[in-house]
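Residue numbers (the UniProt record's numbering): 1 to 148.
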């Protein structure tokens, strides 16, 4: 199977126009870039470039591969970005227990926007007729209220 590293080296060589410029862009030596291309050509059994002292030209096979390599690398980059974005997206359960007027007048107008912005967060809303101070509950029953 083709390695991503060799496809990146190949596309970068063609984008930069030389092995040295590609090596500088990739942060490696020119010999590493040359070796990567040689391994790719050996693996495929075809020449991808014709080299002279002044130019690099694609062979027909090289042109064919370059077009596909760019698509493959773009798809890999898109997949990586999507997965990183999904991992960074907040998710889970948020429970809100409040007096009914607070839920109706302060919270309700913002729920649709919140759900649109954070689709992976589940909301559980519980309303009470009266607001009970947790400290009062604790002293009256000698225990903390348990969430439901």
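The beta-carbon is built from N, C-alpha and C at its ideal position, and this holds for glycine as well.
With H, G and I counted as helix, E and B as strand and the rest as coil, what does DSSP make of residue 48? Looking at residue 48 - three-state DSSP - the assignment turns out to be coil, as it is neither helix nor strand.
Euclidean distance between Cα positions of residue 42 and residue 5: 15 Å
On the DSSP letters alone, give me the boundaries of the beta strand (DSSP E) that residue 127 sits inside. 121-128
Run through the DSSP bridge pairs and tell me what residue 92 is partnered with. 121
Sub-8 Å separation of residue 48 and residue 27 beta-carbons: no
Rounded C-alpha distance that separates residue 94 from residue 71: 41 Å
For the beta strand (DSSP E) that contains residue 149, what are its first and last residues? The question about residue 149 has no answer here: the residues shown for the chain are numbered 1 through 148.
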